[in-house]
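Protein chains in written order, with the numbering used here: chain A, 1 to 75; chain B, 76 to 755. The block underneath contains the structure these notes are about, expressed in structure tokens.
What follows is the structure, encoded as structure tokens:
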């Protein structure tokens, strides 16, 4: 298990857990990121928000907050 | 409404996530019959309007775009409170068919609220282009509420929408939540069931017991308060005991909601082919190194392009003052007094000219940048500039109005319309005023080279350094009031898929408020021009007899503290009407010729013959420097102020920004003057 900010672009992952306060959880889940959902990392560059694809949607997520998303790399 | 027929004025609320097409539908439904204001006491925009069908007037409320119905932002609280208030007779939930699985989250979050609802599967054309088909009638069977496939930008399809709304108003159906609540039973150790048993059976207001229980699991404090006020002390204590055993509740309930959505869509959504996730262009647009230059390049290109629709209107506007001659002739032939003729010629015609020219440019900017927003590119700009703009408390999109302001601050202010948060919009405008506009460069180089010769470029460098510092300080001062804590929270943003522009809907959204804007612009420009005209009026045609002249002479002991002579102070004062006026007014005052009003309105930045030598003889180098800084960092111009008023829709904030710039530019002049005096 690793965190989203450590996964290179091009990898596919499955979300295993998300940490954070109620506000963060409610925001992150409302854009489609929940436990068990599959994501593909599109961009992981220093100084830029993380970019991933999941549930038909390209989502940009702050680097700091992507540390709170725990994932299993599947491909 | 209890009858089977529709009576009274039914109220329809539009609910949906950002980019679901709510605004398009709202504009399409209401056209010019809409009013935009703020929700009482909030910094969130409130849009209301109506449409009439078969003699019945339907009120439409466009709720703020939110991703869910939790209570984490002002937008979400407003949306929820509005739905709870029971004001809406039917809620239209919009979902983006091209991203249905995520987009239906709002529906899942709404399920359990006791208000009739309709599901609009918007953007079906985009979904079809992606090879996706949605079986709306099957979805309707599963949900139990009316569901229609829809394209909000296409008004030809509104017939089906109207019928569906009427059906919902008559049938008053709620979403069938049985299969959703079944999932909630699996959370924790049957905690949902226990909570549900403790909830008041009839719910609270529009919130049903199942909905309340779910929100409690999510740790929603606003709902917990509501429950506390309703339940007996003992029952509430039981609720607290149950809730103490769960963490990350929102993670579990959202999981259930998405499972429910996936099940709903399992035989409803058919996807033929997988689209490539990330186009070549998107790779470039979001590139670490190339994303930013590309964004700036496209914004500059947009600025140039906005002149294409703007120029004909601006040229038309510039022809208005030419009517002055013929009108004066006619009026004086019928014996109208000269002062009235002057008033019409100078104030009325110039007001029309300014307003029309301004509208032309505002429309151009809104068209071009509305287009970039519509096709989806603006979200990419937001992504690459997020980090940079966050330092100012702003979102990435704010870079666009700031870049546009290098051309013209009117365009910068108008461009902020793509920013969805009102507070961030006002702050962006407040910062856009710092950016030296093109007109600044008609004045600064002239005076700096006159006084400082080969050192003039240094002045320009100094202006940029000061502008940078100014922005940081201004962002701090205004940000504390305008930017809410939740806006500062890290970015979680969706990058919508690119799609073809819908010109009709785009033009509609731009023209819908044109009359409103024009009326407001005419009012503001007329009042200010009139006041300025009265101040500068002199029956002899020379400046000496005007009120402003006398005022300037009287106040000189004060202005000189800031390094401004009475002449440069009046020129600085006039530069709030138009930046180019600074030179015209100097000419008029130092050479004692021509009316101050004409010098302000019509000088076009030309340097009067003989002005240079007079300036060199009458001003010291520090005084010239003080003047340069005062004018550069003064309010940009009357039209920019008007444009600010339009976009903020707040006289209070417009005056605040104006007062701030007036005083800070004088403070800057003071500092520059005092420091320069030490060295020169």
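Quick reminder that beta carbons are idealized off the backbone N, C-alpha and C, glycines included. In this text the structure is predicted, and so the values were computed from the model without any measurement.
- Counting along the chain, the unbroken beta strand (DSSP E) around residue 128/B starts and ends at 120-128.
- Distance between residue 748/B and residue 145/B, taken at the CA atoms: about 54 Å.
- Taking a Cβ-Cβ cut-off of 8 Å, residue 8/A has no neighbours in chain B, whose nearest Cβ is about 14 Å from it.
- For residue 515/B, no CB of chain A lies under 9 Å from its own CB, so it is not counted at the interface with that chain.
- Residue nearest to residue 663/B within the set 620/B, 629/B and 699/B is 620/B (criterion: CA-CA distance).
- Inter-residue distance for residue 589/B and residue 294/B is about 45 Å (C-alpha atoms, whole angstroms).
- Cβ atoms of residue 645/B and residue 622/B stay farther apart than 8 Å, at about 11 Å.
- Under the three-state reduction of DSSP output, residue 223/B falls in the strand class.
- For residue 293/B, the C-beta contacts it makes with chain A under 9 Å involve 22, 25 and 26, in order along the chain.
- Here residue 694/B carries a coil assignment [DSSP, helix/strand/coil].
- The C-alpha of residue 467/B lies about 49 Å from the C-alpha of residue 272/B.
- Straight across, the Cα-Cα distance linking residue 383/B with residue 438/B is about 11 Å.
- Taking 9 Å as the threshold, the shortest C-beta distance from residue 30/A to chain B falls below it.
- The beta carbon of residue 19/A falls within 9 Å of a beta carbon belonging to chain B, placing the residue at that interface.
- For the options 704/B, 653/B, 733/B and 700/B, the alpha carbon positioned closest to that of residue 752/B is the one of 700/B.
- Of 234/B, 252/B and 198/B, the smallest CA-CA separation from residue 227/B is found for 198/B.
- For residue 267/B against residue 292/B, the beta-carbon gap comes to about 7 Å, under 8 Å, which counts as contact.
- Distances from the CA of residue 618/B to each of 216/B, 521/B, 390/B and 675/B were compared; the closest alpha carbon is that of 675/B.
- Below 8 Å, too few C-beta pairs join the segment 566-574 of chain B and the segment 500-511 of chain B to call them touching: fewer than three.
- In chain order, 363 and 462 make up the part of chain B whose C-beta sits under 9 Å from the C-beta of residue 47/A.
- A residue is called buried once 16 or more other Cβ atoms fall within 10 Å of its Cβ, and residue 140/B is buried on that count.
- Taking residue 337/B as the centre and dropping the five residues before and after it, the same chain places the C-beta of 176 closer than 7 Å to its C-beta, in chain order.
- Listed along the chain, the chain A residues whose CB falls inside 7 Å of the CB of residue 155/B amount to none; the nearest CB is some 13 Å away.
- At a beta-carbon threshold of 9 Å, the residues of chain A lying near residue 323/B are 17, 18, 19, 20, 22 and 25, ordered along the chain.
- In the structure shown, the three-state DSSP call for residue 360/B is helix.
- Residues of the same chain with a CB within less than 6 Å of the CB of residue 314/B, apart from the 5 flanking positions on each side, are 273 in chain order.
- The C-beta distance from residue 52/A to residue 40/A rounds to 6 Å, short enough to fall under 8 Å.
- In this structure, DSSP gives residue 50/A an extended state, which the three-state scheme calls strand.
- Residue 110/B sits in a strand when the DSSP states are folded into three classes.
- Within the DSSP bridge table, the entry for residue 568/B names 60/A as partners.
- Of the candidates 47/A, 36/A and 43/A, 36/A places its Cα closest to the Cα of residue 18/A.
- Closer than 9 Å to the CB of residue 3/A there is not a single CB belonging to chain B.
- One finds nothing in chain A with a Cβ atom closer than 7 Å to the Cβ of residue 214/B; even the nearest lies about 16 Å away.
- Residues of the same chain with a CB within less than 6 Å of the CB of residue 104/B, apart from the 5 flanking positions on each side, are 126 and 135 in chain order.
- Counted as a single uninterrupted DSSP element, the alpha helix (DSSP H) harbouring residue 177/B occupies residues 175-178.
- By the CB criterion at 9 Å, residue 196/B and residue 170/B fall inside the cutoff.
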